[in-house]
Amino acid sequence: MSFLPRTTRTIRHTRIPLLPLSPARPPCSRLTLSLPSLQRSLTNHPTPSDPSRPSDETLHRISLHRLEAQQQAEKNRRTYYSATGFLLGMIAIYFTATAIDLPPPQQKLDSPNNNSTSLLDNPQPILVTPPSFSPPDTQEPVPTGTSTVPFFPRHLLFPERANPPEEYQLLGLGVRTVSFLSIQDIASFQASLIRHIAGDGASTLVAGEKDKLRAELYDPEKGEALWSAVLEESGARTLVRIVPTRNTDFGHLRDAWVRGLTARAQKDRTGYGDEGFAQAVGEFKKVFQKGEVPKGRELVLVREGKGNLEVWIEGKGKMGYSEGMGPGMGMGLGIRKRLGVVGDERVARSIWLGYLAGKTVSSEEARKSVVEGVMEFVERPVGTVEAQVHV
1 MSFLPRTTRT
11 IRHTRIPLLP
21 LSPARPPCSR
31 LTLSLPSLQR
41 SLTNHPTPSD
51 PSRPSDETLH
61 RISLHRLEAQ
71 QQAEKNRRTY
81 YSATGFLLGM
91 IAIYFTATAI
101 DLPPPQQKLD
111 SPNNNSTSLL
121 DNPQPILVTP
131 PSFSPPDTQE
141 PVPTGTSTVP
151 FFPRHLLFPE
161 RANPPEEYQL
171 LGLGVRTVSF
181 LSIQDIASFQ
191 ASLIRHIAGD
201 GASTLVAGEK
211 DKLRAELYDP
221 EKGEALWSAV
231 LEESGARTLV
241 RIVPTRNTDF
251 GHLRDAWVRG
261 LTARAQKDRT
271 GYGDEGFAQA
281 VGEFKKVFQK
291 GEVPKGRELV
301 LVREGKGNLE
311 VWIEGKGKMG
321 YSEGMGPGMG
331 MGLGIRKRLG
341 VVGDERVARS
351 IWLGYLAGKT
361 VSSEEARKSV
371 VEGVMEFVER
381 PVGTVEAQVH
391 V
(Lines of atoms letter the chains of each structure in order from A; the text may use other names.)
(Lines give C-alpha, C1' and ligand atoms only; values in the text may rest on other atoms or scores of the structure.)
Protein backbone atom coordinates (compact mmCIF):
# COMPACT_ATOMS: atom_id res chain seq x y z
CA MET A 1 0.00 0.00 0.00
CA SER A 2 1.35 3.37 -0.86
CA PHE A 3 0.71 6.56 1.04
CA LEU A 4 2.24 8.99 -1.40
CA PRO A 5 -0.88 10.00 -3.23
CA ARG A 6 -2.70 10.73 0.03
CA THR A 7 0.16 12.75 1.36
CA THR A 8 0.33 14.75 -1.79
CA ARG A 9 -3.28 15.60 -1.52
CA THR A 10 -3.01 16.60 2.05
CA ILE A 11 -0.22 18.97 1.36
CA ARG A 12 -1.99 20.36 -1.55
CA HIS A 13 -5.24 21.01 0.30
CA THR A 14 -3.62 22.48 3.41
CA ARG A 15 -1.26 24.87 1.71
CA ILE A 16 -1.64 28.41 3.08
CA PRO A 17 -1.71 31.21 0.64
CA LEU A 18 1.08 33.70 1.01
CA LEU A 19 0.46 37.40 1.31
CA PRO A 20 1.94 39.54 -1.30
CA LEU A 21 5.10 41.27 -0.18
CA SER A 22 5.72 44.91 -0.72
CA PRO A 23 8.43 45.74 -3.10
CA ALA A 24 11.74 45.70 -1.33
CA ARG A 25 13.67 48.87 -0.94
CA PRO A 26 17.09 49.08 -2.29
CA PRO A 27 19.75 48.34 0.28
CA CYS A 28 21.62 51.48 -0.47
CA SER A 29 18.58 53.60 0.35
CA ARG A 30 18.11 51.94 3.79
CA LEU A 31 21.77 52.49 4.59
CA THR A 32 21.53 56.15 3.63
CA LEU A 33 18.65 56.82 6.16
CA SER A 34 20.30 55.10 9.09
CA LEU A 35 23.72 56.78 8.74
CA PRO A 36 22.70 60.27 9.99
CA SER A 37 21.14 58.79 13.16
CA LEU A 38 24.24 56.79 13.83
CA GLN A 39 26.40 59.85 13.28
CA ARG A 40 24.35 61.92 15.72
CA SER A 41 24.59 59.26 18.44
CA LEU A 42 28.33 59.05 18.05
CA THR A 43 28.71 62.84 18.13
CA ASN A 44 26.58 63.38 21.30
CA HIS A 45 28.27 60.72 23.39
CA PRO A 46 30.44 62.34 26.18
CA THR A 47 34.08 62.26 25.62
CA PRO A 48 36.45 61.13 28.32
CA SER A 49 37.19 63.86 30.95
CA ASP A 50 40.34 65.87 30.84
CA PRO A 51 42.51 65.26 33.92
CA SER A 52 43.60 68.91 33.93
CA ARG A 53 39.99 70.22 34.42
CA PRO A 54 38.23 70.10 37.94
CA SER A 55 35.43 67.61 38.37
CA ASP A 56 31.74 68.53 38.77
CA GLU A 57 31.81 67.63 42.51
CA THR A 58 34.67 70.05 43.08
CA LEU A 59 32.78 72.79 41.25
CA HIS A 60 29.70 72.17 43.41
CA ARG A 61 31.72 72.48 46.65
CA ILE A 62 33.21 75.78 45.51
CA SER A 63 29.76 77.16 44.64
CA LEU A 64 28.29 76.21 48.05
CA HIS A 65 31.22 77.80 49.85
CA ARG A 66 30.73 81.05 47.97
CA LEU A 67 26.97 81.00 48.72
CA GLU A 68 27.57 80.46 52.43
CA ALA A 69 30.11 83.28 52.48
CA GLN A 70 27.61 85.63 50.83
CA GLN A 71 24.86 84.72 53.33
CA GLN A 72 27.18 85.23 56.32
CA ALA A 73 28.27 88.59 54.99
CA GLU A 74 24.61 89.61 54.64
CA LYS A 75 23.91 88.59 58.26
CA ASN A 76 26.93 90.54 59.48
CA ARG A 77 25.78 93.64 57.62
CA ARG A 78 22.32 93.41 59.20
CA THR A 79 23.83 92.98 62.66
CA TYR A 80 26.07 96.01 62.20
CA TYR A 81 23.17 98.12 60.96
CA SER A 82 20.94 97.06 63.91
CA ALA A 83 23.62 97.75 66.52
CA THR A 84 24.40 101.13 64.97
CA GLY A 85 20.71 102.08 64.95
CA PHE A 86 20.25 101.01 68.59
CA LEU A 87 23.26 103.01 69.77
CA LEU A 88 22.19 106.08 67.84
CA GLY A 89 18.68 105.79 69.30
CA MET A 90 19.95 105.57 72.89
CA ILE A 91 22.27 108.53 72.33
CA ALA A 92 19.37 110.54 70.92
CA ILE A 93 17.17 109.68 73.92
CA TYR A 94 19.94 110.67 76.35
CA PHE A 95 20.54 114.03 74.69
CA THR A 96 16.80 114.66 74.49
CA ALA A 97 16.36 113.96 78.21
CA THR A 98 19.34 116.03 79.34
CA ALA A 99 19.42 118.89 76.88
CA ILE A 100 15.81 120.07 77.24
CA ASP A 101 15.12 122.18 80.32
CA LEU A 102 11.75 121.24 81.78
CA PRO A 103 9.83 123.84 83.78
CA PRO A 104 9.63 123.16 87.55
CA PRO A 105 6.32 121.81 88.89
CA GLN A 106 3.88 124.42 90.06
CA GLN A 107 3.52 124.75 93.79
CA LYS A 108 0.03 124.78 95.21
CA LEU A 109 -0.29 127.25 98.03
CA ASP A 110 -3.90 126.39 98.82
CA SER A 111 -4.45 123.75 101.45
CA PRO A 112 -6.41 120.72 100.21
CA ASN A 113 -9.94 120.22 101.45
CA ASN A 114 -9.80 116.45 101.24
CA ASN A 115 -9.46 114.92 104.70
CA SER A 116 -7.96 111.71 103.33
CA THR A 117 -4.60 113.32 102.53
CA SER A 118 -1.78 110.86 103.10
CA LEU A 119 0.51 111.91 105.91
CA LEU A 120 3.42 110.01 104.40
CA ASP A 121 3.67 112.72 101.73
CA ASN A 122 4.13 115.49 104.30
CA PRO A 123 7.18 116.16 106.47
CA GLN A 124 5.01 117.19 109.43
CA PRO A 125 2.06 115.22 110.79
CA ILE A 126 -1.36 116.55 109.83
CA LEU A 127 -4.12 115.63 112.22
CA VAL A 128 -7.12 114.31 110.35
CA THR A 129 -10.00 113.16 112.54
CA PRO A 130 -13.32 111.46 111.91
CA PRO A 131 -16.28 113.86 111.85
CA SER A 132 -17.98 112.19 114.82
CA PHE A 133 -16.04 114.23 117.37
CA SER A 134 -13.95 117.36 117.69
CA PRO A 135 -10.28 116.98 118.60
CA PRO A 136 -8.65 119.01 121.36
CA ASP A 137 -7.22 122.37 120.49
CA THR A 138 -3.67 121.05 120.56
CA GLN A 139 -2.23 117.65 119.72
CA GLU A 140 1.36 117.15 120.77
CA PRO A 141 3.19 114.48 118.78
CA VAL A 142 5.90 112.63 120.67
CA PRO A 143 8.98 111.53 118.69
CA THR A 144 9.56 107.78 118.81
CA GLY A 145 13.16 107.74 117.63
CA THR A 146 12.49 105.74 114.47
CA SER A 147 11.93 107.00 110.95
CA THR A 148 9.32 104.37 110.12
CA VAL A 149 6.88 105.51 112.82
CA PRO A 150 8.28 108.94 113.73
CA PHE A 151 5.52 110.21 116.05
CA PHE A 152 3.07 109.03 118.68
CA PRO A 153 0.26 111.22 120.03
CA ARG A 154 0.58 112.32 123.65
CA HIS A 155 -3.21 112.16 123.97
CA LEU A 156 -5.24 109.45 122.30
CA LEU A 157 -8.96 109.88 121.69
CA PHE A 158 -11.14 106.80 121.41
CA PRO A 159 -14.48 107.90 119.91
CA GLU A 160 -15.44 104.37 118.84
CA ARG A 161 -15.90 103.19 122.45
CA ALA A 162 -17.86 106.03 124.05
CA ASN A 163 -19.63 109.31 123.41
CA PRO A 164 -18.12 111.72 124.32
CA PRO A 165 -14.86 110.05 123.27
CA GLU A 166 -12.49 108.67 125.85
CA GLU A 167 -9.12 110.39 126.13
CA TYR A 168 -5.98 108.51 127.14
CA GLN A 169 -2.69 110.13 128.12
CA LEU A 170 0.68 108.73 127.11
CA LEU A 171 2.58 107.11 129.96
CA GLY A 172 5.58 105.69 128.10
CA LEU A 173 6.72 104.24 124.78
CA GLY A 174 9.45 102.00 123.46
CA VAL A 175 11.14 101.88 120.08
CA ARG A 176 11.60 98.11 119.86
CA THR A 177 7.92 97.28 120.01
CA VAL A 178 6.79 100.80 119.08
CA SER A 179 3.94 100.55 121.56
CA PHE A 180 2.96 102.65 124.51
CA LEU A 181 0.88 102.41 127.64
CA SER A 182 -1.81 105.01 128.13
CA ILE A 183 -4.15 105.51 131.05
CA GLN A 184 -7.45 107.31 131.39
CA ASP A 185 -8.36 107.29 135.11
CA ILE A 186 -5.13 109.00 136.09
CA ALA A 187 -6.23 110.00 139.59
CA SER A 188 -7.07 106.45 140.74
CA PHE A 189 -3.93 105.12 139.12
CA GLN A 190 -1.85 107.83 140.77
CA ALA A 191 -3.44 107.27 144.19
CA SER A 192 -2.84 103.52 144.04
CA LEU A 193 0.87 103.98 143.33
CA ILE A 194 1.31 106.54 146.10
CA ARG A 195 -0.61 104.41 148.61
CA HIS A 196 1.66 101.42 148.05
CA ILE A 197 4.75 103.53 148.77
CA ALA A 198 3.70 106.22 151.29
CA GLY A 199 0.62 104.62 152.84
CA ASP A 200 -2.94 105.89 153.16
CA GLY A 201 -3.50 109.61 153.36
CA ALA A 202 -0.52 110.67 151.24
CA SER A 203 -1.23 112.74 148.14
CA THR A 204 2.27 112.91 146.69
CA LEU A 205 5.74 111.44 147.07
CA VAL A 206 8.87 113.16 148.26
CA ALA A 207 12.36 112.59 146.87
CA GLY A 208 13.19 109.53 148.99
CA GLU A 209 9.84 107.90 148.35
CA LYS A 210 10.21 108.48 144.62
CA ASP A 211 13.56 106.68 144.66
CA LYS A 212 11.97 103.78 146.54
CA LEU A 213 9.14 103.58 144.01
CA ARG A 214 11.58 103.64 141.09
CA ALA A 215 13.65 100.85 142.64
CA GLU A 216 10.59 98.67 143.22
CA LEU A 217 9.32 99.21 139.67
CA TYR A 218 12.65 98.00 138.27
CA ASP A 219 12.88 95.05 140.66
CA PRO A 220 11.74 91.84 138.87
CA GLU A 221 9.69 90.44 141.78
CA LYS A 222 8.59 93.61 143.58
CA GLY A 223 7.77 95.34 140.33
CA GLU A 224 5.53 92.50 139.20
CA ALA A 225 3.70 92.44 142.53
CA LEU A 226 3.32 96.24 142.57
CA TRP A 227 2.00 96.49 139.02
CA SER A 228 -0.34 93.54 139.51
CA ALA A 229 -1.83 95.15 142.63
CA VAL A 230 -2.18 98.56 140.99
CA LEU A 231 -3.94 97.12 137.95
CA GLU A 232 -6.34 95.11 140.14
CA GLU A 233 -7.09 97.76 142.77
CA SER A 234 -7.09 101.05 140.90
CA GLY A 235 -9.65 100.12 138.27
CA ALA A 236 -7.89 102.49 135.88
CA ARG A 237 -8.66 102.03 132.21
CA THR A 238 -5.41 101.51 130.34
CA LEU A 239 -4.45 100.56 126.84
CA VAL A 240 -1.41 99.29 124.98
CA ARG A 241 -1.06 100.72 121.49
CA ILE A 242 1.14 98.88 118.97
CA VAL A 243 2.25 100.29 115.61
CA PRO A 244 4.46 97.85 113.65
CA THR A 245 7.53 99.26 111.93
CA ARG A 246 7.18 96.63 109.19
CA ASN A 247 4.39 94.47 107.81
CA THR A 248 3.29 91.69 110.14
CA ASP A 249 0.24 89.52 110.73
CA PHE A 250 -2.07 88.46 113.53
CA GLY A 251 -0.41 85.08 113.88
CA HIS A 252 2.99 86.59 114.66
CA LEU A 253 1.62 88.97 117.30
CA ARG A 254 -0.72 86.37 118.81
CA ASP A 255 1.99 83.72 119.19
CA ALA A 256 4.25 86.12 121.11
CA TRP A 257 1.48 86.98 123.60
CA VAL A 258 0.36 83.36 123.94
CA ARG A 259 3.90 82.28 124.80
CA GLY A 260 3.93 84.89 127.58
CA LEU A 261 0.55 83.71 128.89
CA THR A 262 1.68 80.08 128.86
CA ALA A 263 4.94 80.89 130.65
CA ARG A 264 3.07 82.84 133.35
CA ALA A 265 0.63 79.95 133.88
CA GLN A 266 3.53 77.53 134.31
CA LYS A 267 5.28 79.91 136.71
CA ASP A 268 2.23 80.69 138.87
CA ARG A 269 -0.08 77.68 138.80
CA THR A 270 -2.05 78.97 141.76
CA GLY A 271 -3.13 82.19 140.09
CA TYR A 272 -3.10 81.15 136.42
CA GLY A 273 -3.15 77.35 136.31
CA ASP A 274 -6.90 76.74 136.49
CA GLU A 275 -9.21 75.68 133.68
CA GLY A 276 -10.84 79.11 133.48
CA PHE A 277 -7.57 80.78 132.49
CA ALA A 278 -6.95 78.13 129.82
CA GLN A 279 -10.39 78.85 128.32
CA ALA A 280 -9.65 82.58 128.40
CA VAL A 281 -6.42 81.99 126.49
CA GLY A 282 -8.43 80.05 123.91
CA GLU A 283 -10.82 83.00 123.54
CA PHE A 284 -7.83 85.29 123.11
CA LYS A 285 -6.54 83.11 120.26
CA LYS A 286 -9.92 83.24 118.51
CA VAL A 287 -9.84 87.04 118.51
CA PHE A 288 -6.78 86.99 116.24
CA GLN A 289 -7.93 85.14 113.15
CA LYS A 290 -6.12 85.34 109.82
CA GLY A 291 -5.24 88.90 108.91
CA GLU A 292 -2.42 91.35 108.38
CA VAL A 293 -1.28 94.43 110.24
CA PRO A 294 0.48 96.66 107.68
CA LYS A 295 3.38 98.89 108.60
CA GLY A 296 2.20 102.08 110.32
CA ARG A 297 -1.27 100.69 111.18
CA GLU A 298 -2.19 100.68 114.87
CA LEU A 299 -3.39 97.75 116.97
CA VAL A 300 -4.90 98.71 120.34
CA LEU A 301 -5.39 96.50 123.40
CA VAL A 302 -7.79 98.18 125.86
CA ARG A 303 -8.07 97.02 129.49
CA GLU A 304 -11.32 98.12 131.08
CA GLY A 305 -11.66 99.06 134.71
CA LYS A 306 -12.87 95.55 135.56
CA GLY A 307 -10.11 93.97 133.50
CA ASN A 308 -11.96 93.05 130.31
CA LEU A 309 -9.66 93.04 127.29
CA GLU A 310 -10.82 94.61 124.03
CA VAL A 311 -8.81 94.36 120.81
CA TRP A 312 -9.13 97.09 118.16
CA ILE A 313 -7.49 97.46 114.75
CA GLU A 314 -7.17 100.63 112.69
CA GLY A 315 -9.40 100.38 109.65
CA LYS A 316 -8.65 100.54 105.91
CA GLY A 317 -6.65 97.71 104.46
CA LYS A 318 -6.76 94.23 103.00
CA MET A 319 -8.94 92.83 105.79
CA GLY A 320 -12.05 94.63 104.58
CA TYR A 321 -12.52 96.98 107.51
CA SER A 322 -13.99 100.44 107.32
CA GLU A 323 -12.07 102.82 105.16
CA GLY A 324 -9.81 104.89 107.36
CA MET A 325 -8.89 108.49 106.80
CA GLY A 326 -5.34 107.90 105.68
CA PRO A 327 -2.23 106.38 107.23
CA GLY A 328 -1.11 108.45 110.18
CA MET A 329 2.56 107.51 110.63
CA GLY A 330 1.65 106.14 114.04
CA MET A 331 -0.78 108.94 114.88
CA GLY A 332 -3.85 106.69 114.73
CA LEU A 333 -6.06 108.69 112.40
CA GLY A 334 -8.07 105.86 110.86
CA ILE A 335 -11.43 104.52 111.97
CA ARG A 336 -10.98 101.60 114.38
CA LYS A 337 -12.68 98.22 114.17
CA ARG A 338 -13.17 95.99 117.21
CA LEU A 339 -11.93 92.43 116.77
CA GLY A 340 -13.21 90.88 119.99
CA VAL A 341 -13.37 90.84 123.80
CA VAL A 342 -11.83 88.55 126.46
CA GLY A 343 -13.64 88.62 129.80
CA ASP A 344 -10.98 87.18 132.13
CA GLU A 345 -9.00 90.09 133.59
CA ARG A 346 -5.93 87.90 134.09
CA VAL A 347 -5.30 87.79 130.34
CA ALA A 348 -4.98 91.57 130.05
CA ARG A 349 -3.04 91.82 133.32
CA SER A 350 -0.58 89.16 132.18
CA ILE A 351 0.00 90.95 128.85
CA TRP A 352 0.49 94.26 130.67
CA LEU A 353 3.02 92.68 133.05
CA GLY A 354 4.93 91.43 130.04
CA TYR A 355 5.57 95.06 129.12
CA LEU A 356 6.00 96.50 132.64
CA ALA A 357 7.56 94.02 135.07
CA GLY A 358 9.72 90.98 135.39
CA LYS A 359 13.31 90.06 134.68
CA THR A 360 12.76 90.14 130.92
CA VAL A 361 10.23 92.47 129.31
CA SER A 362 9.13 92.97 125.72
CA SER A 363 11.00 96.27 125.51
CA GLU A 364 13.37 97.55 128.17
CA GLU A 365 13.21 101.01 126.65
CA ALA A 366 9.42 100.98 126.93
CA ARG A 367 9.62 100.01 130.62
CA LYS A 368 12.08 102.81 131.34
CA SER A 369 9.83 105.28 129.57
CA VAL A 370 6.80 104.10 131.57
CA VAL A 371 8.69 104.33 134.85
CA GLU A 372 9.74 107.90 134.09
CA GLY A 373 6.14 108.73 133.23
CA VAL A 374 5.03 107.30 136.57
CA MET A 375 7.60 109.46 138.36
CA GLU A 376 6.04 112.55 136.79
CA PHE A 377 2.60 111.48 138.02
CA VAL A 378 3.50 110.76 141.63
CA GLU A 379 5.42 113.99 142.20
CA ARG A 380 2.20 115.95 141.71
CA PRO A 381 -0.78 115.91 144.10
CA VAL A 382 -3.49 113.39 143.38
CA GLY A 383 -6.03 114.70 140.89
CA THR A 384 -3.91 117.52 139.49
CA VAL A 385 -2.46 115.61 136.55
CA GLU A 386 -5.80 115.50 134.77
CA ALA A 387 -6.09 119.27 135.07
CA GLN A 388 -2.80 119.95 133.28
CA VAL A 389 -3.00 122.40 130.40
CA HIS A 390 -0.99 121.20 127.39
CA VAL A 391 0.41 123.88 125.09
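Residue numbers (my numbering): 1 to 391. Yeah, the Cβ is synthetic: ideal placement off N, Cα and C, and Gly gets one too.
Could you have a look at Arg78 and say whether DSSP puts it in helix, strand or coil?
-> The residue labelled residue 78 in the question sits at position 78 within the sequence shown. Arg78: helix per DSSP, three-state reduction.
Quick one: Cα of Met90 to Cα of Thr245, how far?
-> Along the sequence shown, one-based indexing puts residue 90 at 90. Along the sequence shown, one-based indexing puts residue 245 at 245. C-alpha separation (whole angstroms): 41 Å.
Check whether Leu353 and Trp227 have beta carbons under 9 Å apart = Position 353 of the sequence shown, counted from the first residue, corresponds to residue 353. Position 227 of the sequence shown, counted from the first residue, corresponds to residue 227. Cβ atoms of Leu353 and Trp227: closer than 9 Å.
Gly89, DSSP secondary structure in three states = Your numbering for residue 89 matches position 89 in the sequence shown. Note: Gly89 maps to helix in three-state DSSP.
CB of Leu301 within 9 Å of CB of Ile351, strictly = Taking the sequence shown and counting its residues from 1, the one referred to as residue 301 is at position 301. Taking the sequence shown and counting its residues from 1, the one referred to as residue 351 is at position 351. Cβ atoms of Leu301 and Ile351: closer than 9 Å.
Counting along the chain, where does the alpha helix (DSSP H) carrying Val361 start and finish?
-> By 1-based counting over the sequence shown, the position of residue 361 is 361. Segment: none, Val361 is in no alpha helix (DSSP H) and carries neither H nor E.
Pull up the distance between the alpha-carbon of Val374 and that of Asp101, whole angstroms please.
-> Within the sequence shown, residue 374 is the residue found at index 374, counting from 1. Within the sequence shown, residue 101 is the residue found at index 101, counting from 1. Spanning the two alpha carbons is a distance of roughly 59 Å.
Three-way DSSP call (helix, strand, coil) for Thr262 in this model | Walking along the sequence shown from the start, residue 262 turns up at place 262. The answer is helix: DSSP assigns Thr262 an H, G or I state.
In this structure, does DSSP put Gln39 in helix, strand or coil?
-> Sequence index remark: in the sequence shown, residue 39 carries index 39 (1-based). Any reading at Gln39 must be qualified, since the residue scores a pLDDT of 46, below 50, and its modelled position is unreliable; the value itself is stated next. Per DSSP, reduced to three states, the secondary structure at Gln39 is helical.
Return the chain-ordered ranges of every beta strand (DSSP E) run that is complete within the stretch 230 to 275 and spans a minimum of 3 residues.
-> 238 to 242
What three-state label does DSSP hand Lys460 in the structure shown?
-> Absent from the model: residue 460. The displayed extent of the chain is 1 to 391, so no value can be given.
Nearest neighbour of Gln289, chosen from Ile313, Glu68 and Gly235 [CA to CA] | Taking the first residue of the sequence shown as 1, we reach residue 289 at position 289. Of all alpha-carbon atoms in Ile313, Glu68 and Gly235, the one lying nearest the alpha-carbon of Gln289 is that of Ile313.
Where do the N-terminal and C-terminal ends of the beta strand (DSSP E) with Ile395 fall, by residue?
-> Outside the modelled stretch of the chain, which goes from 1 to 391, sits residue 395, for which no answer is possible.
Could you check what DSSP says for Gly373 in three-state terms: helix, strand or coil?
-> On the sequence shown, position 373 is the one that residue 373 refers to. Gly373 falls in the helix class under three-state DSSP.
Per-residue DSSP class, three states only, for Gly340 | What you label residue 340 is simply residue 340 of the sequence shown in a count that begins at 1. DSSP places Gly340 in strand when its eight states are reduced to three.
Taking 8 Å as the threshold, find out whether the stretch 239 to 255 comes into contact with the stretch 212 to 230 through three or more Cβ pairs.
-> no
Inter-residue Cα distance where the pair is Lys212 and Tyr218 = The count along the sequence shown starts at 1 and reaches residue 212 at position 212. The count along the sequence shown starts at 1 and reaches residue 218 at position 218. Distance between the alpha carbons of Lys212 and Tyr218: 10 Å.
Going by alpha carbons, who is nearest to Glu232 out of Glu304, Val378 and Val342?
-> In the sequence shown, counting from the first residue as 1, residue 232 sits at position 232. The option with the nearest alpha carbon to Glu232 is Glu304.
Can you tell me which of Ala229, Tyr272, Thr96 and Thr262 puts its alpha carbon nearest to the alpha carbon of Arg346?
-> Position 346 of the sequence shown, counted from the start, is the residue given in the question as residue 346. Out of Ala229, Tyr272, Thr96 and Thr262, Tyr272 has the C-alpha closest to the C-alpha of Arg346.
Return the CA-CA distance between Gln279 and Leu261, expressed in angstroms with no decimal places.
-> Numbered from its first residue, the sequence shown carries residue 279 at position 279. Numbered from its first residue, the sequence shown carries residue 261 at position 261. The straight-line gap from Cα to Cα measures roughly 12 Å.
Which residue's Cα is closest to the Cα of Leu239: Val311, Ala256 and Gly296?
-> Numbered from 1 along the sequence shown, position 239 holds the residue referred to as residue 239. Residue Val311 is the option with its Cα nearest to Leu239.
Sequence-distant residues of its chain with Cβ nearer than 8 Å to Arg214 (five each side left out) = Taking the first residue of the sequence shown as 1, we reach residue 214 at position 214. Here the set comprises Val371 and Met375.
Which residues in the same chain have their Cβ closer than 7 Å to the Cβ of Val361, if we skip the five residues on either side of it in sequence?
-> Here residue 361 refers to the residue found at position 361 when the sequence shown is read from its first residue. Apart from the 5 residues on each side of it in sequence, Val361 sits with its Cβ closer than 7 Å to the Cβ of Gly354, Tyr355 and Arg367 in its chain, given in chain order.
Starting from Arg303, trace the beta strand (DSSP E) both ways and give me its first and last residue.
-> Reading the sequence shown from its first residue, position 303 is the one you call residue 303. Run containing Arg303: Leu299 to Arg303, per the beta strand (DSSP E) assignment.
Helix, strand or coil for Glu292 per DSSP?
-> By one-based count along the sequence shown, residue 292 stands at place 292. Of the three classes helix, strand and coil, the one that applies to Glu292 here is strand, per DSSP.
Out of Arg66, Glu167 and Arg264, point me to the one whose CA is closest to Ala348's CA.
-> As a first step, residue 348 must be located in the sequence shown, where it is residue number 348. Answer by Cα proximity: Arg264.
When you compare each of Leu88, Val258 and Lys306 to Ser234 by their alpha carbons, which one comes out closest?
-> As a working note, residue 234 is residue 234 in the sequence shown. For the residues Leu88, Val258 and Lys306, the minimum Cα distance to Ser234 belongs to Lys306.
Beta-carbon proximity of Val258 to Phe277, cut-off 9 Å = By one-based count along the sequence shown, residue 258 stands at place 258. By one-based count along the sequence shown, residue 277 stands at place 277. Result no, Cβ atoms of Val258 and Phe277 do not sit closer than 9 Å.
Within 10 angstroms of the Cβ of Asp344, are there 16 or more other Cβ atoms? Answer buried if so, exposed if not.
-> Along the sequence shown, one-based indexing puts residue 344 at 344. Burial call: buried.
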